[in-house]
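A.B. asks:
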Amino acid sequence: MSSQWIFLGGEFVKKEDAVVSVYDHGFLYGDGVFEGIRVYSGNVFKLEEHLNRLYESAQSIMLHIPYDKEEMERIIVDTVRKNKLDTAYIRVVVSRGPGNLGLDPTFCSQPKVIVIAETLALFPKELYQRGLRLGSVSTRRNRPDVLSPQVKSLNYLNNILVKLEANQAGVDEALMLNDQGYVTEGSADNIFIVKNNTIYTPPVYLGALEGITRNAIIDLAKKHGYTMKETPFTRHDVYVADEVFLTGTAVEVIAVVEVDGRKINGGNPGKVTSHLLTEFRKVVRTDGVACYESSPTTKAI
Ligand code: PMP
Numbered sequence: 001m002s003s004q005w006i007f008l009g010g011e012f013v014k015k016e017d018a019v020v021s022v023y024d025h026g027f028l029y030g031d032g033v034f035e036g037i038r039v040y041s042g043n044v045f046k047l048e049e050h051l052n053r054l055y056e057s058a059q060s061i062m063l064h065i066p067y068d069k070e071e072m073e074r075i076i077v078d079t080v081r082k083n084k085l086d087t088a089y090i091r092v093v094v095s096r097g098p099g100n101l102g103l104d105p106t107f108c109s110q111p112k113v114i115v116i117a118e119t120l121a122l123f124p125k126e127l128y129q130r131g132l133r134l135g136s137v138s139t140r141r142n143r144p145d146v147l148s149p150q151v152k153s154l155n156y157l158n159n160i161l162v163k164l165e166a167n168q169a170g171v172d173e174a175l176m177l178n179d180q181g182y183v184t185e186g187s188a189d190n191i192f193i194v195k196n197n198t199i200y201t202p203p204v205y206l207g208a209l210e211g212i213t214r215n216a217i218i219d220l221a222k223k224h225g226y227t228m229k230e231t232p233f234t235r236h237d238v239y240v241a242d243e244v245f246l247t248g249t250a251v252e253v254i255a256v257v258e259v260d261g262r263k264i265n266g267g268n269p270g271k272v273t274s275h276l277l278t279e280f281r282k283v284v285r286t287d288g289v290a291c292y293e294s295s296p297t298t299k300a301i
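In the UniProt record's numbering, the protein residues as written are 1 to 301.
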């Protein structure tokens, strides 16, 4: 028996017992929303921002979350505490809940809230030292007027398709363009380029999720005196950049050292990327909601 507790539909259940109905529209149709959140040293990083995005995603698809934000915050913190976690990854899922086989959500009367918290070590150091190889893919980012990238929905097929292409091409991550050929983002991360000490990231209206790490990096870059611009750019601009890096909850800030076979910065992670990663790791420990009065390793809960 595992000792992991999962919040499922109003109560904590053991991982083995955490199952949902095959009639749940999250399963049948990808009808629901989610968030991926990190806990650093017992602090839930940017919890308010993640909750705002979760509730906005739900509002957009007319999905009622049966808790207010304060209650949801409590549930998330309690899940971390219940599992006695210090450094963790949290997945919050709100699905439309069980209905019938038709896709009409009218018949789904009980949205399901799920919170999973797991141990997550930082990614291997080597990955940050080596950097990632990026490849552009033929699958375009879905258009904001079709399914807005701002809705972090359970329908992640657009992103899964690009990940499959990246896997086929033997690269670490995909570079997704929009239908006009402008750079948008990776399969689950935002992209930044550095040119002549100015940092650029695509505006989200081109078709990128407004990443919470992205916004934190924009703030940090400005704070540390870099010129930061949200400007459309193309693959060419990425190929000739001084540095390229990706940001996301899971990956934090990671260098890209090759794009479509073009070496970036001679194939090495750059100084600006390393600087921002260092500064990012400093703020993550302080900018969050504390789960414990003191460290869980020093105080029993
Ligand atoms: N883009 C997509 C498509 C994502 O799924 C994610 C991960 N949530 C990101 C960007 C990065 O967003 P965040 O920094 O909020 O994790």
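Using N, Cα and C, we set each Cβ at its ideal position, and we do this for glycine too.
Return yes when the C-beta of T234 is under 7 Å from any heavy atom of the ligand PMP, and no when it is not.
C.D. replies: No - the ligand PMP has no heavy atom lying nearer than 7 Å to the Cβ of T234.
A.B. asks: Would you say A290 and G131 are within 8 Å of each other, going by their C-beta atoms?
C.D. replies: No, Cβ-Cβ distance for A290 and G131 is not below 8 Å.
A.B. asks: Roughly how many angstroms lie between the CA atoms of R140 and E293, to the nearest whole one?
C.D. replies: Spanning the two alpha carbons is a distance of roughly 46 Å.
A.B. asks: Taking the beta carbon of T297 as the centre, do at least 16 other beta carbons fall within 10 Å, making it buried, or is it exposed?
C.D. replies: Per-residue confidence for T297 stands at a pLDDT of 46, beneath the threshold of 50, marking its modelled position as unreliable; the derived number appears in the next sentence. T297 comes out exposed.
A.B. asks: I'd like to confirm something about E185: is its beta-carbon nearer than 7 Å to some heavy atom of the ligand PMP, or not?
C.D. replies: Yes; taking the cut-off as 7 Å, the Cβ of E185 has a heavy atom of the ligand PMP nearer than that.
A.B. asks: Do I212 and the ligand PMP come close, with the Cβ less than 7 Å from some heavy atom?
C.D. replies: Yes, Cβ of I212 sits closer than 7 Å to a heavy atom of the ligand PMP.
A.B. asks: Tell me which residues share the same chain as A18 and place their Cβ nearer than 7 Å to its Cβ, disregarding the 5 neighbours each side in the sequence.
C.D. replies: So the qualifying residues of the chain are I6, L8.
A.B. asks: Can you have a look at K112 and say buried or exposed, based on whether 16 or more other CB atoms are within 10 angstroms of its CB?
C.D. replies: K112 comes out buried.
A.B. asks: Can you give me the start and stop residues for the beta strand (DSSP E) that A255 sits inside?
C.D. replies: It spans 252 to 259 - the beta strand (DSSP E) in which A255 sits, taken as one unbroken run.
A.B. asks: Report the residue from E48, S2, V39 whose alpha carbon sits nearest the alpha carbon of I90.
C.D. replies: When only C-alpha atoms are compared, the closest one is V39.
A.B. asks: When we look at the beta-carbon of F123 and count the other beta-carbons within 10 Å, is it buried (16 or more) or exposed?
C.D. replies: So F123 ends up on the exposed side.
A.B. asks: Our contact map puts V137 next to V162 with C-beta atoms below 8 Å; I'd like the distance itself, whole angstroms only.
C.D. replies: The Cβ separation is near 5 Å, so the contact holds.
A.B. asks: Pick helix, strand or coil for N100, following the three-state DSSP scheme.
C.D. replies: Of the three classes helix, strand and coil, the one that applies to N100 here is coil, per DSSP.
A.B. asks: Return the CA-CA distance between E16 and A117, expressed in angstroms with no decimal places.
C.D. replies: Going from the Cα of E16 to the Cα of A117 covers about 14 Å.
A.B. asks: Candidates Y205, E126, T213, M176: which alpha carbon is nearest P284's?
C.D. replies: Inspection of the sequence shows that residue 284 is occupied by Val rather than by Pro. It is T213 whose Cα lies nearest to the Cα of V284.
A.B. asks: Alpha carbon to alpha carbon, how far is M228 from V194?
C.D. replies: Those two C-alpha atoms are separated by around 9 Å.
A.B. asks: Would you kindly check if the distance between the Cβ of S57 and the Cβ of V33 is under 8 Å?
C.D. replies: Yes.
A.B. asks: If I measure Cβ to Cβ from R262 and keep anything under 6 Å in the same chain, skipping five residues before and after, which residues do I get?
C.D. replies: The residues are Y239.
A.B. asks: Would you call the segment 240 to 260 and the segment 186 to 193 touching, i.e. three or more CB-CB distances under 8 Å?
C.D. replies: Verdict: yes, contact present.
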